[in-house]
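Colleague:
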Amino acid sequence: MEHPHPQRLRPPPRERFADDVTTFDLVRTFDALDLEESASTDGHRQITLFKRGPFTLMALSFEADATWPRHLTDGVVTLELVRGHVDIFTTEGRHTLLDQGLCVIQPRVALSVHAPKASHLLMGVYLEPED
Numbered sequence: 002m003e004h005p006h007p008q009r010l011r012p013p014p015r016e017r018f019a020d021d022v023t024t025f026d027l028v029r030t031f032d033a034l035d036l037e038e039s040a041s042t043d044g045h046r047q048i049t050l051f052k053r054g055p056f057t058l059m060a061l062s063f064e065a066d067a068t069w070p071r072h073l074t075d076g077v078v079t080l081e082l083v084r085g086h087v088d089i090f091t092t093e094g095r096h097t098l099l100d101q102g103l104c105v106i107q108p109r110v111a112l113s114v115h116a117p118k119a120s121h122l123l124m125g126v127y128l129e130p131e132d
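Numbering (my numbering), first residue to last: 2 to 132.
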């Protein structure tokens, strides 16, 4: 399929998120991220796997010693480590995830991530409804 925006790395979201049921081969997803020709940002690459309403699911691939800078969201964040080792930093300190670890972070808690070695991470964001 030819994309209307030649600078796009992927099909637009309206195409990627259109199906009623979406399945992912995470090995292939992370392999594709690792092999992208575009330069990484702070040593990581990411793709939004799914987005609908208040829910977003992203795959992040980290090179060794990569960082994901400080973020603050108005929703619950889940971080599921598929492979590797990441340290998550919040105001409460450092939280370490090893292979297949899971971390849940409450809304409005700032976080950053450091991957001491190459790692694959799934991030879910569940935004709270606006008042």
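C-beta atoms are modelled at their ideal positions from N, C-alpha and C, and glycine is treated no differently.
Identify whether D88 lies in helix, strand or coil by the three-state DSSP scheme.
Modeller: Locating residue 88 in the sequence shown gives position 87, counting from the first residue. Three-state result, D88: strand.
Colleague: Are any of the Cβ atoms in chain B nearer than 7 Å to that of G44?
Modeller: Although the question refers to chain B, the structure presented lacks it and comprises just one protein chain.
Colleague: Taking the alpha-carbon positions, what's the T42 to P55 distance?
Modeller: Mapped onto the sequence shown, residue 42 falls at position 41. Mapped onto the sequence shown, residue 55 falls at position 54. The straight-line gap from Cα to Cα measures roughly 25 Å.
Colleague: Taking the beta strand (DSSP E) that T97 belongs to, which residues open and close that run?
Modeller: Along the sequence shown, read from residue 1 onward, the residue named residue 97 stands at position 96. Here the beta strand (DSSP E) through T97 covers 94-99.
Colleague: How big is the Cα-Cα spacing for G85 and L103?
Modeller: As a first step, residue 85 must be located in the sequence shown, where it is residue number 84. As a first step, residue 103 must be located in the sequence shown, where it is residue number 102. Using only the alpha carbons, I get a separation of about 12 Å.
Colleague: Hey, would you say V126 sits closer than 7 Å to T74, going by beta carbons?
Modeller: If you number the sequence shown from 1, residue 126 lands on position 125. If you number the sequence shown from 1, residue 74 lands on position 73. Yes.
Colleague: To the nearest whole angstrom, what separates the beta carbons of V105 and T79, a pair I think is in contact under 8 Å?
Modeller: Counting from one through the sequence shown, the residue named residue 105 turns up at place 104. Counting from one through the sequence shown, the residue named residue 79 turns up at place 78. So it is a contact: roughly 5 Å between Cβ atoms.
Colleague: Could you give the distance in angstroms between the alpha-carbon of R11 and the alpha-carbon of P117?
Modeller: Taking the first residue of the sequence shown as 1, we reach residue 11 at position 10. Taking the first residue of the sequence shown as 1, we reach residue 117 at position 116. Rounded to whole angstroms, R11 to P117 spans 28 Å at the Cα level.
Colleague: Are the CB atoms of G76 and L112 within a distance shorter than 7 Å?
Modeller: By one-based count along the sequence shown, residue 112 stands at place 111. By one-based count along the sequence shown, residue 76 stands at place 75. Their beta carbons are not under 7 Å apart, which means L112 does not touch G76 by this criterion.
Colleague: For T42, which beta-bridge partners are listed by DSSP?
Modeller: To locate residue 42, count along the sequence shown from 1; it is residue 41. For T42, which the question treats as bridged, DSSP gives the partners H45.
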